[in-house]
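Notes follow the structure.
Number of protein chains: 2
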Amino acid sequence: MLPFARVTIVGLGLIGSSVARAVRQAMPTVRITGYDADPEVRAIATRIELADDIADSAGAAVIDADLVMLCVPVGAMGAVAAEFADDLPAEAIVSDVGGSKASVLAALRAVLPEATIVPGHPVAGTEHSGPEAGFATLFRGRWCILTPEEGTAEAPVARLRAFWEALGAQVEIMTPRHHDLVLAVTSHVPHLIAYSIVGTASDLEEVTQSEVIKFSAGGFRDFTRIAASDPVMWRDVFLNNREAVLEILQRLTEDVTMLQRAIRWGDGDQLFDLFTRTRAIRRSIIEQGQDDAKPDFGRSH
Amino acid sequence: MLPFARVTIVGLGLIGSSVARAVRQAMPTVRITGYDADPEVRAIATRIELADDIADSAGAAVIDADLVMLCVPVGAMGAVAAEFADDLPAEAIVSDVGGSKASVLAALRAVLPEATIVPGHPVAGTEHSGPEAGFATLFRGRWCILTPEEGTAEAPVARLRAFWEALGAQVEIMTPRHHDLVLAVTSHVPHLIAYSIVGTASDLEEVTQSEVIKFSAGGFRDFTRIAASDPVMWRDVFLNNREAVLEILQRLTEDVTMLQRAIRWGDGDQLFDLFTRTRAIRRSIIEQGQDDAKPDFGRSH
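Protein sequences, first through last, are from chains A and B. Taking full-length UniProt numbering, the leading residue of the first sequence gets 1, the next gets one more, and so forth. Taking full-length UniProt numbering, the leading residue of the second sequence gets 1, the next gets one more, and so forth.
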C-alpha cells in the first residue's frame, strides 16, 4: 500500500526535483503536483515533465494533496505555507526538507495552526542547484531525519517514514533541537568553514587567485565543492540555526587554537595523536556506507 | 631523449610508489632503484615489482643514480640524505616531493653541501598511504612546483622539468618561501581545519559519534577524506612550515570571526555575498581541469 496517493512538491530545485524523480521511480502511480514561485523554474519543470501537473499558485498546487512537501529555503517556509493555508485539505500532512528544524516547525505552526505537520530533513545533496540538477537516487542509502512535535499522532509519522523508505532512505526520529545540534556539527559548520576558507584564499595579496586555483589539488579543491552550494539556502540555514551553529563554531575555534599552539611550540605528538584518531572516523563512515571507499572520492584520475 | 637514465626513489609510500609506476609507464627503459627504511615496505615493493631493484640501504640505492628522488616525510629528509651522502655520485641530481620547501632545502643542503639539489613538490595525492596505494596516473594534469636555490644552473632544473612533464604534470618554478605560503593556503591550512573539525565532532558530549557518522553526508564526510591522510607526513608538514601556516590560519580565523558576527547579528546580506563569490572559484577550478566537473566529485549515487 502506498503511504500517499497525491503528493505536492513546493519548490523544484535540487531536492524538490529529486523527490519528484524518486517518487515517480519508486511509486509510479502516485500523482505528483509541482509548484515553484519562479515562473522560469515552472517552465523548465513543465518541459522536462517533472510532475503530472505544474500548478500556477501554491494554493492550486495543494488543493487535493495528501502530502505537501516543502522544498524551499528554510527562510521561505512560513511565507509559502501562508500562501496555501486556505487551500490545504484538512487531512493533508505537511512536511519539508529544510536543514534547520526548530525554526521551520515554528514558522509552519504559526501559519498552519491546525495542520498535521511532520518536519523532515533528508541528509543528502550535491553542490548543484535547480530543477535539472536533481536525480532519483539522491536519497538512496542516506538518512532522513523526522522531527515531529511532541504529541503528534503515530500514523502520520509512520506514513512519512514509509514514504522516505520507499525512496531508499533510512529514517531516524529526533527532536527539532537535537536535529539542529547534530546538523550544526555534520553539515552547517563544515559548510561555514568551507565558505570561509575559500573566501580567505581568494582575498590574499601575496598569493594570487590563479595560484590558488592551480594548486588546489593539495586539498583546497575539496572545500570548494561545498562552498559552491546554493547561497540562498545556506544563508537561510545559518540565520535559522544560529544558536547551534555558534555553539559548535565556538568548540571548533577552541580546538583550532589548541592546534595553532601545538604548531607554534612544535608539539608533534599532539598533532600526531589527533591525525591518527581522525583516520578511524573516516573508516567508520565508509564501513557504514556513508561515503565512497574509492580513493579521492572516486574522482577520475 | 630521456632526462634521466637511472632513477632512485627513496621512500616507497603513496607518492614514491606512484613515481615508480609513472616512470615505468612513461619511460620504460629507465632503470628504477627503490629503497625504504621499513623492511616490510621493501618486501612489499619487491613482491609487487615496483622497481628493477630494491636496495637494502640508502647508500646502496643511490650509488649509480643520476636522479635521487626523496619521497619521505619532510622531517626525515635530512637524516636519509645524511645516510647516503658518502655514496652519492657527484653528477647526480637530488630532488624530493615534500610539502614544505624552505625547510627541506635547508635540511638537504646541511648534509649535502656540494650536491646539485632541486627541491620539488608534485601537488597531488590521495588519502591512502603505502606502496600499494600508488598509481601511474596520479600526476597527470596536476602541477609540480620546483623551487631551485638562487644560483642553480639551468640544466638540472630543465631536466627535472622534463622528467615531471614526462609523468604528465605541468611544472611551475617559484622560490621556496613563496611555495610555502601558497601551499599553506591551498593545502596545509585546509588539512589542519579538516583534522580539527573531525576531532571536534568526535569529542562532543551532546552528539554521539554514531550520529556524526550517520549524518555525515551533510558535508562532514568531505572533511574526513583529507583528515584520513598520513599522520606522520602531516605532522612533519606543520612543524616544517610553521610560519606560513600560522600566518594563513590567523587570516582564516579573522574571516571566520566576521562570519560568526554576521550570524549572531543576522546579517544575511554579508553571508549571501560571500556564498555567491565562492561559487565562482569552484567554477574556475573545474574549468582549469583541477577537479571533476561531475556533481559530488563523481561519487557513486
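C-beta atoms are modelled at their ideal positions from N, C-alpha and C, and glycine is treated no differently.
Item                                                                                                                         : Value
Test: Thr224/A CB closer than 8 Å to a CB of chain B                                                                         : yes
Of the residues Gly34/B, Arg221/B and Ser210/B, the one placed nearest Tyr195/B, counting alpha carbons only                 : Arg221/B
Simplified DSSP assignment, three categories, for Asp180/B                                                                   : helix
Any C-beta of chain B under 8 Å from that of Ala201/A                                                                        : yes
Minimum Cβ-Cβ distance from Lys214/B to chain A less than 8 Å                                                                : yes
Where Trp164/A meets chain B, residues with beta-carbon distance less than 9 Å                                               : Those do not exist, as Trp164/A stays about 14 Å from chain B at its closest Cβ, beyond 9 Å.
Contact check, Ile15/A vs Arg24/A, beta carbons under 8 Å                                                                    : no
Own chain partners of Pro3/A with C-beta closer than 6 Å, once the 5 adjacent residues on each side are dropped              : Arg159, Ala162 and Phe163
Among Asp296/A, Asp292/A and Ile213/A, nearest to Ser229/B - alpha-carbon criterion                                          : Asp296/A
Start and end residues, beta strand (DSSP E) containing Glu172/B                                                             : Gln170 to Ile173
Beta bridge counterpart(s) of Ser95/A as assigned by DSSP                                                                    : Met69/A
Inter-residue spacing [alpha-carbon to alpha-carbon] between Ile226/B and Asp236/B                                           : 16 Å
Supposed close pair Arg142/B, Val171/B - CB separation, criterion 8 Å                                                        : Not quite, the Cβ-Cβ distance comes to about 10 Å (not below 8 Å), so this is no contact.
Element boundaries [beta strand (DSSP E), containing Ile9/B]                                                                 : Arg6 to Val10
Close Cβ partners of Leu105/B (< 6 Å) along its chain, the five nearest in sequence each way excluded                        : Pro119 and Pro176
Residues that DSSP places opposite Arg31/B in a beta bridge                                                                  : Arg6/B
CB contact check: Asp52/B to chain A, cutoff 8 Å                                                                             : no
Presumed contact (8 Å Cβ cut-off) between Ile145/A and His179/A, rounded CB distance                                         : 5 Å
Cross-chain neighbours of Thr126/B in chain A, by beta carbon under 8 Å                                                      : Pro295 and Asp296
Per DSSP, cross-strand counterpart(s) of Pro122/A                                                                            : Cys144/A
heavy atom of the ligand NAD below 7 Å from Thr126/A C-beta                                                                  : Here there are no bound small molecules, and the ligand NAD is not part of this structure.
Gly199/A: first and last residue of the uninterrupted alpha helix (DSSP H) it sits in                                        : Val189 to Ser202
Nearest neighbour of Asp56/A, chosen from Glu40/A, Arg282/A and Ile197/A [CA to CA]                                          : Glu40/A
Helix, strand or coil at Ile117/A according to DSSP, with G and I counted as helix                                           : strand
Endpoints, the alpha helix (DSSP H) within which Glu254/A is located                                                         : Arg242 to Arg264
Nearest to Thr278/B (by Cα), restricted to the options Asp36/A, Ile213/A, Asp96/A and Thr186/A                               : Ile213/A
Sequence-distant residues of its chain with Cβ nearer than 8 Å to Ile286/A (five each side left out)                         : Asp292 and Ala293
Within 7 Å of chain B by C-beta, residues of the stretch 271-285 of chain A in sequence order                                : Leu271, Phe272, Leu274, Phe275, Thr276, Arg277, Thr278, Arg279, Ile281, Arg282, Ser284 and Ile285
Segment limits, alpha helix (DSSP H) that includes Ser210/A                                                                  : Gln209 to Lys214
Chain-ordered neighbours of Pro190/B on chain A, where CB pairs are closer than 8 Å                                          : Ile197, Gly218, Gly219, Phe220, Asp222 and Phe223
Three-state secondary structure assigned by DSSP to Ile54/A                                                                  : strand
Stretch-stretch touch, CB-based, cutoff 8 Å, three pairs: the stretch 179-188 of chain B with the stretch 230-249 of chain B : yes
Pair within 8 Å by beta-carbon distance, Ala22/B and Leu167/B                                                                : yes
Interface partners of Phe238/B on chain A, CB under 7 Å                                                                      : Ile263 and Leu271
Separation of Phe223/B from Arg6/B, as counted between CA atoms                                                              : 39 Å
Closer than 8 Å to chain A by CB, Arg299/B                                                                                   : yes
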